[in-house]
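Numbering that gives the first Met the number 0 applies: residue 0 is where the sequence shown begins, and numbers increase by one.
Read through the structure below, which is laid out as structure tokens, and then see the notes.
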Amino acid sequence: MFNKSSWKSVQFGDVVTNINSYFDRNNTGVYPYIAGPEITEGNLHATPSFAEVDEIPPTFKRIFLPNDVLYHSRNVEKLAVSEIKGITGEKLFVLRTKDSSCILQEYIPFMMMTNKFKQEIKSRLTGSCNKFLNWSALASTVCEIPPLDEQQRIAELLWAADEMIEAYDLIYNDLSSLKSKFVDTYFDSKPNKSKLSEHCINITTKYGKDESEENCVELKCLEPHTGKITYFVKKDKNASSYNVFSKGDVLFGKLRPYLRKYTLASQTGIACSEILVLRANQNIMPEYLYEIIQSNSFIEYNSHLSYGTKMPRTSWKLIADYECYVPSLDEQKAFVSKVNNISENMTLVKQQILGSKLLLNHLFEKIYGCASNV
């Protein structure tokens with residue numbers, strides 16, 4: 000795709016500089032800032048936070064401009080391109096081309112996203128426990144850069160692929176917000192609510208300590224927010240107890256309910272004692288019960304009433320008293336159908352996102368001979 004014989008080896012610091020322009024903290028007003036948590040691994044887009052100057056951490060005093068590259072010195076997988084002017088702290092490098100006739104600003108992030116570049120950077124980290132990257136180590140890293148016309152072509156190609164991913168991400172987030180608003184509006188606007196204990200029971204059927212079970216679920220198996228079981232584990236023979244669950248049961252993690260660890264079981268298995276097993280009665284569909292469990296109202300209720308400071312938990316006793324709206328089965332079916340329609344569209348968009356990321360990785364392999372973790 001590109002003739003690499005014309006690419007030249009340079010030290011990173013010879014073509015890119017770390018900007019140290021400082022913000023006057025005597026200013027007043029609301030300012031945008033970007034910290035490490037605002038940057039997601041594999042995502043070039045960071046959403047800034049906004050705060051009054053006296054609310055921004057005192058170490059945040061370095062200015063970045065639009066198109067500057069923000070690079071985390073503690074996590075080399077975190078890299079973003081700023082879209083506005085703002086403030087950041089000492090843990091982020093603010094990177095800018097020294098000379099656009101040598102290296103284009105829009106090309107820099109993709110060069111840094113290659114696995115080859117990241118592996119080299121990881122070998123240069125210092126520190127024992129909390130490893131970090133010094134500017135001198137980053138500046139002395141050798142990288143290959145193509146001629147300007149090829150940089151331009153590469154940047155246009157990869158930015159186009161990235162913009163496609165970003166567009167699908169926005170659609171997915173809009174659908175997710177639509178689903179959440181639809182569910183919350185439906186549940187919150189309904190009268191004649193009843194306690195959840197009238198519609199489901201807490202299954203506490205114990206599984207034999209010495210018996211084996213392949214479909215064993217612990218809290219770490221439940222992916223937050225998504226309703227997915229990412230993997231199963233082997234049953235811990237030293238664990239006190241496991242509860243049996245069946246297809247159609249709703250599993251809900253008691254520990255830190257705000258993490259939203261839940262799922263609608265698609266098969267039988269066993270769950271650790273930190274997971275409640277809820278089984279629907281005849282007057283409620285399992286799918287409808289699952290929507291109740293996912294609702295913001297339910298999560299906020301349990302988060303507010305959880306007991307324990309460091310490791311807050313909810314319980315069946317608390318959940319049993321939660322008041323919810325449970326209509327006729329026909330109305331439940333209609334509601335679940337509408338929610339499923341949104342969910343199915345979200346799944347289709349998610350597939351497009353994954354496909355676009357595969358395309359971007361394929362382009363990285365064709366251009367650089369190695370992939371990138373997007």
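The C-beta atom is built at its ideal place from N, Cα and C for all residues, glycine as well.
All values derive from a computational prediction rather than experimental measurement.
Could you say which of the options lies nearest to residue i if we only look at CA atoms?
i	options	result
Phe297	Asn340, Trp315, Leu221 and Ser265	Trp315
Ile86	Lys219, Leu64 and Lys3	Leu64
Asn74	Val93, Ile38 and Asp320	Ile38
Gly247	Ile18, Phe131 and Leu263	Leu263
Tyr321	Ile291, Leu195 and Val348	Leu195
His44	Phe1, Val14 and Pro108	Pro108
Ile352	Asp98, Ala166, Thr229 and Gln118	Ala166
Asn156	Thr229, Thr27 and Phe1	Reading off the sequence shown, one finds Leu at residue 156, where the question assumed Asn. Looking at the Cα atoms, Phe1 is the closest of the given residues.
Val29	Glu54, Asn19, Val14 and Val15	Glu54
Pro56	Arg312, Lys84, Lys90 and Glu82	Lys90
Ser336	Tyr367, His361, Glu286 and Tyr324	Glu286
Lys253	Gln281, Gly307 and Met110	Gly307
Val14	Asn66, Leu103, Glu82 and Phe92	Leu103
Between the C-alpha atoms of residue i and residue j, what's the straight-line distance to the nearest angstrom?
i	j	result
Val182	Ser294	7 Å
Ile62	Tyr261	42 Å
Val243	Ala270	6 Å
Met112	Pro256	35 Å
Asp235	Ile200	26 Å
Glu212	Gly268	7 Å
Leu94	Met310	40 Å
Met345	Lys180	15 Å
Lys227	Cys101	47 Å
His224	His198	24 Å
Leu258	Leu357	29 Å
Val80	Gly12	18 Å
Ser265	Ser245	8 Å
Lys332	Phe231	31 Å
Asp374	Leu359	Lying outside 0 to 373, the shown extent of the chain, residue 374 is not represented and no answer is given.
Glu222	Pro326	30 Å
Ile164	Asn339	24 Å
Asp98	Lys117	23 Å
Ser272	Phe251	11 Å
Tyr21	Thr184	46 Å
Cys323	Lys77	42 Å
Val373	Val348	17 Å
Ala159	Glu105	12 Å
Please say whether residue j and residue i have beta carbons closer to each other than 9 Å?
i	j	result
Cys369	Lys115	yes
Tyr70	Ser48	no
Asn17	Leu124	no
Ile283	Asn301	no
Ser139	Gln10	yes
Gly88	Lys60	yes
Val68	Arg24	no
Asn133	Ser72	yes
Phe334	Glu299	no
Just checking: is the beta-carbon of residue i within a distance shorter than 9 Å of some beta-carbon in chain C?
i	result
Arg95	Among the chains of the structure shown, chain C does not appear; only one protein chain is present.
Please look up how many angstroms separate the CB atoms of residue i and residue j, rounded, as I've assumed it's under 8 Å.
i	j	result
Val249	Leu304	Contact doesn't hold; Cβ gap of about 19 Å is too wide.
Phe363	Ser371	5 Å
* Evaluate contact between the region 276-283 and the region 194-207, counting only Cβ atoms and requiring at least three cross-stretch pairs below 8 Å. => yes
* Asked: Should the region 163-173 be called in touch with the region 17-35, which here means at least 3 C-beta pairs below 8 Å?
  -> no
* Indicate whether the contact test is met: 3 or more Cβ pairs, each with one atom in the region 211-221 and one in the region 188-196, closer than 8 Å. => no
* To do: Kindly confirm or deny that the region 5-22 and the region 143-163 touch, where touching means at least three C-beta pairs closer than 8 Å.
  => yes
* Do the region 151-169 and the region 126-136 make contact, defined as three or more Cβ pairs closer than 8 Å? -> no
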